[in-house]
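Enquirer: Here it is: the structure, laid out below.
Protein chains: 2
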Amino acid sequence: MKNKKRLKIEDLGEFGFISRFSSGFTRMLPPGVLGIGDDCAVLPWKGQKKLLVTTDLLIDGVHFLGGRISPLNLGYKSLAVNLSDMAAMGGRPGWAFLSIAIPPGTEISWLDEFFRGWRQLARRTGVHLLGGDTTGSRNGLVINVVILGEADGRHIRYRSSARPGDIVAVTGNLGDSEGGLRLILKNIPDNKLKPEERYLVKRHYRPRPHLEEGQFLAGQPEVRAMMDVSDGIDSDLRRIMERSDCGVRIFLEQLPVSSALKKCSQKYGWNLEEVAAAGGEDYCLLLTVAPEKFAGLAEKYFRRFKRPLPAIGQVTAEPGVLRYFKNQVQVSLGKSGFDHFR
Amino acid sequence: MKNKKRLKIEDLGEFGFISRFSSGFTRMLPPGVLGIGDDCAVLPWKGQKKLLVTTDLLIDGVHFLGGRISPLNLGYKSLAVNLSDMAAMGGRPGWAFLSIAIPPGTEISWLDEFFRGWRQLARRTGVHLLGGDTTGSRNGLVINVVILGEADGRHIRYRSSARPGDIVAVTGNLGDSEGGLRLILKNIPDNKLKPEERYLVKRHYRPRPHLEEGQFLAGQPEVRAMMDVSDGIDSDLRRIMERSDCGVRIFLEQLPVSSALKKCSQKYGWNLEEVAAAGGEDYCLLLTVAPEKFAGLAEKYFRRFKRPLPAIGQVTAEPGVLRYFKNQVQVSLGKSGFDHFR
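Protein chains in written order, with the working numbering: chain A, 7 to 348; chain B, 7 to 348.
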């Protein structure tokens, strides 16, 4: 007789976990309320205004390396990753709540720096810290951030609105943050970093939430689905595909990559396209756009931000199928990067 | 030359930490917004309606013993302690966000039970789970809960409104939860627990947030300051004293205690008054009431809840001074309970 295996959290994974436990909660929501399944929850506020809420839990050793990242950067980044979720739906952040579990022995000067980093970004984005929770930790540092923001209900963009034929675009270079992380893990001393390496490390530690871009794009009727790039487009696109019941085709040669990432990929033998497609934490925006309106949108976007809005693929009618193409040939993302499709 | 000691988190403590870092954040708040310093933050909502927000971070080994508490009780209690903060200001909870970091090897059946416990209380209190975050943990379980609720702005009660002369009252028995915790730490097998012991253990694991009581009391103009009993009245009263710039006199013989706690205190040699005054996690409400209206309020309260509203002390004009009296004689709370004042 075989042993019946007991199902463990590893067997479900993050998304399996969410779908197992969220269904019981999303069924009974009142109309006008959006719960689990997008970058923020959406609640009625005043008239057309909606309240957006997002929260992220950051654990030492899982989301950051407490011994490596400077407290200044950690304070900054804890807020940045949450603001990125607000950007993803076109929201304007207003209020933050910070819960922090602090291991014994943590120096106050470390915490001063953490809050200095937080404040740098909070001031720039107009976010007020309204509360939270403070406690000891037996192990590493734990940080939970909650952001409340608002948006006009007509100008919120969801993951669920992509339609076959839409152009897929991103608002920033892909893979820089992953490149930075790879460099950090090489333990190169700070003063030995080349300028392009320093650039990538900075992109990993101090991502800029695309708030203005998100608000602008959410106000354009031709923008359909939107989310932020947190796990990497290979993973994030699957979230749009699930929620919009569609597929996506990505053209690898169109992925925007920085010259710094190109240089480092050559130097260290990284597969550039894999880093760009599978690397996470770039925190730019990923969106789909009505195809006939894309050129006009890219022009408006360029006028406003002085940067292009690169198209990287197209939404298809094949639910759940994500295909990659390189110079018209289909390829697949394997363990060692992209291979010819087998 | 002496070594200059570097200030550590232990040197500040939780409340020192909060006052060090909150001042920079509370200074610049817009009018109508209450940030750090009370059980919930308060934000403008629709007209007279205010939005209340509270969050609590729960860490294995600090706030609960992951190996001891059943997942059913942990799910229940994670929500309960947050709802208690909502009760403390007279709010009606509506929405919850749950972030959870799950150690590898956690069984799905454990999580099923956790969510069953959560749902039991969520249904009873009308709280919808709208989102959160799920992640792995290198060490123990981490839980962060956020509750959004609402209240009429005229019917919110703060920690800062106590006035000298006010009667101090509580809405429930004190010390039961601490008694339960002491029993749990004795590792008595479940089936060996006497009924009064089982009662205390249950009071520790399944505290009832006093939501109806909080809403009722916040609606009575004679109720001035209010908060929930989370750290024990000895600690919690100091929060009211700080915020209201007053002192408090407590009459120990008036502290309401259950017969179960009395029985167990005799059996195990606990100092009953110390357990009642210094034990935490009872999650009933602590309030101050205009003295000339107290009798009338207690009567209304009894008619509504069929329970008394015990007066336990009085607010004084001595800022920061908490005095205990036992049969008219002043006593002090020392390491081994209450002693004659020295």
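Note that CB positions come from ideal geometry on N, CA and C, so glycine has one too. Here the structure is a predicted model, which is why all the values come from computation and not from measurement.
#1: For the beta strand (DSSP E) that Phe331(B) lies in, which residues bound it at each end?
#2: When the cut-off is 8 Å and only beta carbons count, does Arg165(A) lie next to chain B?
#3: Would you list, in sequence order, the uninterrupted beta strand (DSSP E) runs of no fewer than 3 residues that lie entirely inside the region 213-267 of chain A?
#4: Is the CB of Lys56(B) under 8 Å away from at least one CB in chain A?
#5: I'd like to know if Asn145(A) contacts chain B, where contact means its C-beta is closer than 8 Å to some C-beta of that chain.
#6: Going by the beta-carbon positions, is the gap between Ala283(B) and Ile246(B) smaller than 8 Å?
#7: Which residues of the region 77-111 of chain A have a Cβ closer than 7 Å to any Cβ of chain B? Give them in chain order.
#8: Looking only at DSSP bridge pairs, what is Glu113(A) linked to?
#9: Whose Cβ in chain B lies nearer than 7 Å to the Cβ of Lys52(A)?
#10: With 16 other CB atoms within 10 Å as the buried threshold, where does Pro36(B) fall?
#11: Can you tell me where the beta strand (DSSP E) holding Arg156(B) begins and where it ends?
#12: By Cβ distance, which residues of its chain are closer than 7 Å to Gln126(B), with the 5 residues on each side in sequence left out?
#13: Judging by CA-CA distance, which residue of Glu259(B), Leu223(B), Pro325(B) and Ser250(B) is the nearest neighbour of Leu315(B)?
#14: Considering only the alpha carbon of each residue, which of Ala301(A), Val263(A) and Glu259(A) lies closest to Asn333(A)?
#15: Residues of chain B with a CB under 7 Å from the CB of Gly3(A): which are they?
#16: Comparing the C-beta of Lys11(B) with each C-beta of chain A, is any distance below 8 Å?
#17: Does Ser76(B) come out as helix, strand or coil in the three-state DSSP assignment?
#18: Would you call Met7(B) buried or exposed, if buried means 16 or more other Cβ atoms sit within 10 Å of its Cβ?
#19: Indicate the three-state DSSP secondary structure (helix, strand or coil) for Arg125(A) in the structure shown.
#20: Check whether the Cβ atoms of Gly253(B) and Pro297(B) sit closer than 8 Å, and answer yes or no.
#21: Where DSSP assigns a beta bridge to Ile65(A), which residues make up the other side?
#22: Output, in chain order, the set of chain B residues within a Cβ distance shorter than 7 Å of Thr177(A).
#23: On a CA-only basis, which of Pro50(B), Pro215(B), Ser264(B) and Thr61(B) is nearest Ile153(B)? Give me that one, please.
#24: Go ahead and pull the three-state DSSP assignment for Asp182(A).
#25: Chain B beta carbons: is any one of them nearer than 8 Å to that of Thr294(A)?
#26: Mind reading off the beta-carbon distance from Glu119(A) to Pro77(A)? Whole number of angstroms is fine, and I expect it under 8 Å.
#27: Taking 8 Å as the limit between beta carbons, can you name the residues of its chain near Glu218(B), skipping five residues before and five after?
#28: Does the separation of the CB atoms of Arg249(B) and Arg169(B) fall below 8 Å?
#29: For Met95(A), does the count of other Cβ atoms within 10 angstroms reach 16, so buried, or fall short, so exposed?
#30: Please report how far the alpha carbon of Asp44(A) lies from the alpha carbon of Ala157(B), in whole angstroms.
#31: Taking 8 Å as the CB-CB cut-off, is Ser183(B) touching chain A?
#32: Nearest-angstrom Cα distance between Arg98(A) and Met92(A)?
#33: Based on Cα-Cα distance, which residue from Val327(B), Glu113(B), Phe331(B) and Lys56(B) lies nearest to Leu243(B)?
#34: Looking only at C-alpha atoms, which of Pro213(A), Gly38(A) and Ile318(A) sits nearest to Gly185(A)?
#35: Applying a beta-carbon distance threshold of less than 9 Å, which residues of chain B neighbour Gly41(A)?
#36: Do we get a CB-CB distance below 8 Å when we pair Thr131(B) with the residues of chain A?
Expert: To lay it out plainly:
#1: Leu328 to Lys332
#2: no
#3: 229-234 and 253-257
#4: no
#5: yes
#6: no
#7: Trp101, Phe103, Ser105, Ala107, Ile108, Pro110 and Gly111
#8: Lys14(B)
#9: Lys52
#10: exposed
#11: Here the sequence assigns Glu to residue 156(B), which means Arg is not the residue at that position. That run of the beta strand (DSSP E) goes Val148 to Asp158.
#12: Tyr82
#13: Leu223(B)
#14: Glu259(A)
#15: Because residue 3(A) is not part of the residues shown, which for chain A are 7 to 348, the question remains open.
#16: no
#17: coil
#18: Low per-residue confidence applies at Met7(B): pLDDT is 44, beneath 50, and the placement is therefore not dependable enough to give any value.
#19: helix
#20: no
#21: Val148(A)
#22: Simply none; closest approach about 23 Å.
#23: Thr61(B)
#24: helix
#25: no
#26: 4 Å
#27: Phe311
#28: no
#29: buried
#30: 27 Å
#31: no
#32: 7 Å
#33: Val327(B)
#34: Pro213(A)
#35: Trp101, His134, Leu135, Leu136 and Gly137
#36: no
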